[in-house]
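In my numbering, the protein residues as written are 11 to 273.
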């Protein structure tokens, strides 16, 4: 087992610079804090290093999904008995972007969603939070049915010619690949009806919406293939590896890959 390494804010800023992070960039960041080793200052230090690296003219995004805000029949409460489902439907809190916590997104996004100046999108299950120059543009009007499509925060990052930074995580966590799901054509493509709890006119209601069915099972394979194109930069930081890429390059590659390989 590899010995746990100490990571300082200076180490992070140096690594971000080496991998290509620059002032003014818009970057979607996916993190695993524990993968880095021992981070001096924890999640706070990671966020501060990222914001300082892109500056006030830059933008940082992170997934802040509360994906358990879905009807239990979709399987998100697989660990609870089915006879509890009616009770869960009755009492699950409505989404409130100010207080609803993230689900399994990690310590960094959970702190980031509460960070001063950070905005969060209105999607009750698949929200994104952003800080910086384009935060409002990226998070506003997140349509219930267009979770990861052209009008979503992910699609808008594509318009801005933004980047993706993976900090100790793989392509299975790379949300931008869902935009390729939306754009690609493949035999198994289909939509599903999902339901989430929201506040509407001051009342708590279950709202149903139709959206593209995605599962991401082949995202690691897509990432492995994309790595072979030489368009990904890598830097070591603590016990982890950082990967940075153009989001457009990744999505365009993935659209073609899915069309040729997914069934």
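C-beta: ideal position from N, C-alpha, C; glycine also.
query                                                                                                                                                             : result
With 16 other CB atoms within 10 Å as the buried threshold, where does residue 200 fall?                                                                          : exposed
From this set, 241, 211, 93 and 176, which residue's C-alpha is nearest residue 42's C-alpha?                                                                     : 176
Using only the alpha-carbon positions, how far apart do residue 155 and residue 236 sit?                                                                          : 28 Å
With DSSP run on the structure shown, which of helix, strand or coil describes residue 168?                                                                       : helix
Nearest-angstrom Cα distance between residue 277 and residue 83?                                                                                                  : The structure shown does not extend to residue 277, since the chain spans only 11 to 273, so no value can be given for it.
Specify, as a first and last residue, the run of the beta strand (DSSP E) that residue 256 falls within.                                                          : 250 to 256
Return the Cβ separation of residue 144 and residue 36 in integer angstroms, given the expectation that the two are a contact with Cβ distance under 8 Å.         : 6 Å
Which residues in the same chain have their Cβ closer than 6 Å to the Cβ of residue 78, if we skip the five residues on either side of it in sequence?            : 86 and 113
Take residue 25 and list the residues in its own chain whose beta-carbon comes closer than 8 Å to its own, dropping the five residues that flank it on each side. : 245, 246, 247 and 252
If we call anything under 8 Å between Cβ atoms a contact, is residue 115 one with residue 71?                                                                     : no
What did DSSP end up calling residue 105 once you bin it into helix, strand or coil?                                                                              : coil
Judging by CA-CA distance, which residue of 250, 106, 29 and 193 is the nearest neighbour of residue 212?                                                         : 106
Kindly confirm or deny that the segment 182 to 199 and the segment 89 to 99 touch, where touching means at least three C-beta pairs closer than 8 Å.              : no
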